[in-house]
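> Numbering (this note's numbering), first residue to last: 91 to 732. Glycine included, every Cβ here is placed at the ideal spot set by N, Cα and C.
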């Protein structure tokens, strides 16, 4: 844990004991009960905007792009009272808006913001922070053209951090230079979806002064956002998104969008230099090895927009680098933790303590707490030392020709066959007790105890094809009637009329937001984990390698990660099929696929014999007597599934 640094002490950090906060005649940054206190006036805060000069000319107009930065900071901030900055850089401030209520920027007659979207300004400015809403290059009031995760996106945000530290120039609307003489140089970036992606991207450059990031439902590799092992989710998506966030005349950035289409490699689905530029784990602009900032990641395991492999692979890479980190893992779709039912107060307080620790140097307990918070029910959460659960270990399940899924290896010569046709995942899992030409299905018997999946399952198949390639889909399924979070409807939440408020207010910006409740549904099954691969990418994402027809080849790939409990009495199923029309734009190959069952398996990281609401440290003591050393004693299914 870092000590209270001299730079923090210099800005006037005051630790309050019995003295009331209101008794301070001249506000200064004040800490009480290990939290900064709201001693600065929000109504009287300085509201201004500057244009930071970047290092890139993305629209090729002969001038470096300038990035619009809207700032709100305590009235007393300046050379005598320096404050850290919380930054939300976004491409959405004048189109889809931010947050569950789609807030946009609102400007006053001087061109400054009268309304900053979200609650960060209302809550943190009175506590001694500056809040910066940054228009991503090519959007809202910034220059340039968006390039969807590439150099323009990344270097624009980096320039703002450089300006806060005196390494880049900024200008006011009248052309005069603007200096961040109020800044300590310490900054944190936060945001959901594209905003959080920009935080990941800027952190991967290793820029000095970016002390922490809070990426929420954020992309860590744009290849993973639009590809899975060679399977294309959407064609020409990058140019589509560039146009969607750009409110300039359509002709201005047409050449940039044409370049995105020309370089994205949609014809092969392969990883190439275009995607390497947009890879923040191991890319060409930056990578996890360069990250200096701490990371507080938030993601949901049912997010099938920014799929959960974005946080799991980023998380693993940060762990190998030794990056200080914290994580929340939810069960909704693409939802901000501010809108997790029953967690709003917890989220605001946790975020407050995180920023206090990393940006103010407040000596609190945030880094001594369990690293992971995991949602296990509509309003039930557990804490763990890390994620995945440390007790989870890989258990191998093997498919058999009679449709069973168990622990015993299939016999020599046992096979299963299907045809790669294009169908929805709901069709793939329907009526699993009947033979279907476009899939094969396998199931356990009724589970004698709870099995908690925590981590990333791995599929390994030995397949022979009658054509050079096929698209493969693997689905892990929980068969059993149950009440579940309905993340498909409204992202998993319903917005109410009642509000809760955070921070201070003005007539145009009140910091109040509508509460939510979790959507629930009773279903006979749940698709728990999904994974896709193009067989010709089984050995490499960068090069296609067709499989000689009639010969067997090994195909191994990861599904999306999950944290889910299969309950006692339910059955665990594995479905293998072809092209998934629910999440892929691919055309089916029509290939006939034969699986050598003896050489095929799925490895699932499981916590065995523990109820779904147990803490990580309680699991070992609560294991059921129905397991042997490293094994699960599964009963034989009472029917055959194909």
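Note down, in chain order, each residue of its chain lying with its Cβ closer than 7 Å to the Cβ of residue 275, except the 5 sequence neighbours on either side.
Excluding positions up to five away in sequence, the list reads 254, 255 and 299.
> Thinking C-alpha only, which one of 318, 558 and 486 is nearest residue 547?
Ranking 318, 558 and 486 by Cα distance to residue 547 puts 486 first.
> What residue does the beta strand (DSSP E) around residue 682 start on, and which one ends it?
Here the beta strand (DSSP E) through residue 682 covers 682-686.
> Counting only the same chain and skipping the five closest in sequence on each side, list residues whose C-beta sits under 8 Å from that of residue 130.
Around residue 130: 117, 164, 165, 166, 215, 216, 217 and 218.
> According to DSSP, simplified to helix, strand and coil, what is residue 518?
Of the three classes helix, strand and coil, the one that applies to residue 518 here is helix, per DSSP.
> Taking DSSP's pairing of strands, which residues face residue 474 in a bridge?
According to DSSP, which records beta bridges pairwise, residue 474 is partnered with 462.
> Closest to residue 597 by CA distance: which of 620, 198 and 179 is it?
Considering only alpha carbons, the answer is 198.
> Would you list the residues sitting across from residue 577 in a DSSP beta bridge?
Paired residue(s): none; residue 577 is not in a bridge.
> Check the C-beta distance from residue 335 over to residue 236 and give it rounded, since I have them as a contact under 8 Å.
Yes, they are in contact, since the Cβ atoms of residue 335 and residue 236 sit about 6 Å apart, within 8 Å.
> How many Å lie between residue 701 and residue 134 at the Cα?
Note that residue 701 scores a pLDDT of 45, beneath 50, so its modelled location is shaky; the value from the coordinates is reported in the next line. Their Cα atoms are separated by approximately 52 Å.
> The alpha helix (DSSP H) that contains residue 364, what's its start and end?
Residues 363-367.
> Please confirm if the stretch 177-195 is in contact with the stretch 603-611, defined as three or more CB-CB distances below 8 Å between the two stretches.
Short answer: they touch.
> Once DSSP output is grouped into helix, strand and coil, what is the label at residue 148?
Three-state result, residue 148: coil.
> Taking its Cβ as the centre, do 16 or more other Cβ atoms sit within 10 Å of residue 586, making it buried, or is it exposed?
It is exposed - the Cβ of residue 586 has fewer than 16 other Cβ atoms within 10 Å.
> For residue 667, name the three-state secondary structure that DSSP assigns.
Three-state result, residue 667: strand.
> Closest by CA to residue 645, which one among 555, 281 and 400?
Looking at the Cα atoms, 555 is the closest of the given residues.
> Name the one or two DSSP bridge partners that residue 389 has.
The partner list for residue 389 (beta bridge, DSSP) reads 419.
> Where does residue 226 fall in DSSP's three states?
Three-state result, residue 226: coil.
> If you run the structure through DSSP and keep just helix, strand and coil, what is residue 347?
If DSSP states are grouped into helix, strand and coil, residue 347 belongs with the helices.
> Suppose contacts are defined by Cβ-Cβ distances below 9 Å. Is residue 302 in contact with residue 445 by that definition?
Yes; because the gap between Cβ atoms is below 9 Å, this pair is in contact.
> Do residue 484 and residue 652 have their C-beta atoms closer together than 9 Å?
No; because the gap between Cβ atoms is not below 9 Å, this pair is not in contact.
> Per DSSP, which residues does residue 180 bridge with? Please list them.
DSSP, once it has assigned bridges, lists 225 as partnering residue 180.
> For residue 333, collect the residues of the same chain with a Cβ closer than 7 Å to its Cβ; drop the 5 residues on either side in sequence, then sort them by chain order.
Closer than 7 Å at the Cβ level, and outside the excluded window around residue 333, lie 347.
> Residue 255 by DSSP, collapsed to three states: which one?
Here residue 255 sits in coil by DSSP.
> Identify, in the order they occur along the chain, each residue of the same chain with its Cβ nearer than 6 Å to the Cβ of residue 248, setting aside the five sequence neighbours on each side.
Cβ within range, chain order: 292, 295 and 297.
> Tell whether a beta-carbon distance below 9 Å holds between residue 282 and residue 403.
No, Cβ-Cβ distance for residue 282 and residue 403 is not below 9 Å.
> For residue 591, which beta-bridge partners are listed by DSSP?
According to DSSP, residue 591 bridges with 602.
> Roughly how many angstroms separate the alpha carbons of residue 528 and residue 279, rounded to a whole number?
Taking the straight line from one Cα to the other gives about 46 Å.
> Using 8 Å for Cβ pairs, my map puts residue 675 next to residue 238. What's the rounded Cβ distance?
At roughly 17 Å, the Cβ-Cβ gap does not stay under 8 Å, so residue 675 and residue 238 are not in contact.
> Rounded to a whole number of angstroms, what is the C-alpha to C-alpha distance between residue 482 and residue 349?
Cα-Cα distance, rounded: 45 Å.
> Does residue 550 come out as helix, strand or coil in the three-state DSSP assignment?
Strand.
> By DSSP's criteria, residue 69 is part of a beta bridge. Which residues make up the other side?
Residue numbering for the chain in the displayed model covers 91 to 732; residue 69 lies beyond these limits and cannot be assessed.
> With distances taken Cα to Cα, identify the nearest neighbour of residue 316 among 400, 371 and 340.
Residue 316 has its Cα closest to that of 400, out of 400, 371 and 340.
> For residue 308 versus residue 387, is the C-beta spacing smaller than 9 Å?
Going by C-beta atoms, residue 308 is nearer than 9 Å to residue 387.
> Please check the pair residue 626 and residue 634, which I expect to be a contact at CB under 8 Å, by giving their CB distance rounded to whole angstroms.
At roughly 4 Å, the Cβ-Cβ gap stays under 8 Å, so residue 626 and residue 634 are in contact.
> Should the stretch 468-483 be called in touch with the stretch 689-696, which here means at least 3 C-beta pairs below 8 Å?
Yes, the stretch 468-483 is in contact with the stretch 689-696.
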